[in-house]
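Numbering (my numbering), first residue to last: 109 to 284. Backbone N, C-alpha and C fix where the C-beta goes; we use that ideal spot for every residue, glycine too. Please read all numbers here as calculations on a predicted model, not as lab measurements.
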Amino acid sequence: MSHARFQEDFFGRDVLEVIPELLGKYLIRKFDDGTIHKYLITEIEAYRGEEDLACHASKGRTNRTEIMYHDGGHLYVYLIYGIYWMLNIVTGSKNNPQAILIRGIEGFDGPGKLTKHLKIDKSFNGENLVTSDRMWIESNTEKINVGFKTYPRVGIDYAGEIWKNKPWRFILSDNL
DNA sequence: GTTAAGATTCCG
DNA sequence: GGAATCTTAACG
């Protein structure tokens, strides 16, 4: 099969619409040595708008969150705890800050672990998944319908009961 | 300029 | 449970 890279229209919708569809799809990484690897996306979380107190954009538009205000399809990458890079995919329309945190891919569970393996760093912040030659998303032709379960998001105790309890963490089930 | 806290992981 | 480790944002 030729490339089935996802385009702007996929990422441009509301994050809650995109997130169940992103599960079970492939994250493609082309490393500097030219090798291309495909990773099944197994665990992701949604962060939705300024009203979502767990979303970084809840504090408004800053240099850090600027990328989330762009239209969908860009990457939002930041360092957490001084050690780990977090990989997020921006979704939604322009000036509508949303993102999906990639928490797990096949073989590498944990947002900090997978970015280490994928060699993600700050240079990926703002990367465009539609035009990038080192990272993009492809459809999965083998598994059309995937099962998933939802859970509350992780590590956001500060966000208050309402947002803390939103079932916006999606995990791929053993499917079909 | 200083400081507090964080979308995590590993070790004990 | 605690440390590692550094960027961001909120002070002033």
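(request) Give the straight-line distance between the Cα atoms of aspartate 179 and aspartate 141, rounded to the nearest whole angstrom. (result) One-based indexing of the first sequence puts residue 179 at position 71. One-based indexing of the first sequence puts residue 141 at position 33. Going from the Cα of aspartate 179 to the Cα of aspartate 141 covers about 30 Å.
(request) Specify the secondary structure class of leucine 284 as computed by DSSP and reduced to three states. (result) As a working mapping, residue 284 is identified with position 176 in the first sequence. Reliability of the predicted coordinates at leucine 284 is poor, the pLDDT of 48 falling under 50, and no value is obtained from them.
(message) With three or more C-beta pairs closer than 8 Å as the rule, is the stretch 229-245 touching the stretch 180-192?
(response) yes
(request) Throw me the rounded Cβ distance for the glutamate 214 and lysine 133 pair, which I believe falls under 8 Å. (result) Taking the first residue of the first sequence as position 1, residue 214 is located at position 106. Taking the first residue of the first sequence as position 1, residue 133 is located at position 25. Wrong, their Cβ atoms sit about 11 Å apart, outside the cutoff.
(message) Quick test of the definition: if touching needs 3 or more C-beta pairs under 8 Å, does the stretch 196-205 touch the stretch 114-122?
(response) yes
(message) Using C-beta distances below 6 Å, list every residue in its chain close to leucine 226, excluding the 5 sequence neighbours before and after it, in chain order.
(response) Taking the first residue of the first sequence as position 1, residue 226 is located at position 118. Same-chain partners within the cutoff: Arg137.
(request) Would you check if the distance between the CB atom of isoleucine 228 and the CB atom of leucine 195 is smaller than 7 Å? (result) Stepping through the first sequence from its first residue, residue 228 is reached at position 120. Stepping through the first sequence from its first residue, residue 195 is reached at position 87. Against a cut-off of 7 Å, the Cβ pair of leucine 195 and isoleucine 228 comes out as a contact.
(request) Could you have a look at valine 185 and say whether DSSP puts it in helix, strand or coil? (result) Residue mapping note: residue 185 aligns to position 77 of the first sequence, counting from 1. DSSP places valine 185 in strand when its eight states are reduced to three.
(request) Specify the secondary structure class of isoleucine 136 as computed by DSSP and reduced to three states. (result) Numbered from its first residue, the first sequence carries residue 136 at position 28. DSSP places isoleucine 136 in strand when its eight states are reduced to three.
(message) Using only the alpha-carbon positions, how far apart do isoleucine 149 and aspartate 160 sit?
(response) As a position in the first sequence, residue 149 is number 41, starting the count at 1. As a position in the first sequence, residue 160 is number 52, starting the count at 1. Approximately 24 Å between the Cα atoms of the pair.
(request) Classify threonine 173 as helix, strand or coil using the three-state DSSP reduction. (result) Translated into the one-based positions of the first sequence, residue 173 becomes position 65. In the structure shown, threonine 173 sits in coil (DSSP, three-state: anything other than H, G, I, E or B).
(request) Please determine, among Gln115, Lys146, Ser281, His164, the residue with the shortest C-alpha to C-alpha distance to isoleucine 208. (result) In the first sequence, counting from the first residue as 1, residue 208 sits at position 100. For isoleucine 208, the nearest C-alpha among the options comes from His164.
(message) Here's the rule I'm using: 16 or more other beta-carbon atoms within 10 Å means buried, otherwise exposed. How should arginine 261 be labelled?
(response) Counted from its first residue, the first sequence places residue 261 at position 153. It counts as buried.
(request) With DSSP as the reference, label tryptophan 193 as helix, strand or coil. (result) Indexing the first sequence from 1 puts residue 193 at position 85. Strand at tryptophan 193.
(request) Answer yes or no: do tryptophan 244 and arginine 113 have a C-beta to C-beta separation smaller than 7 Å? (result) Position 136 of the first sequence holds residue 244. Position 5 of the first sequence holds residue 113. Yes, these two residues count as a Cβ contact at 7 Å.
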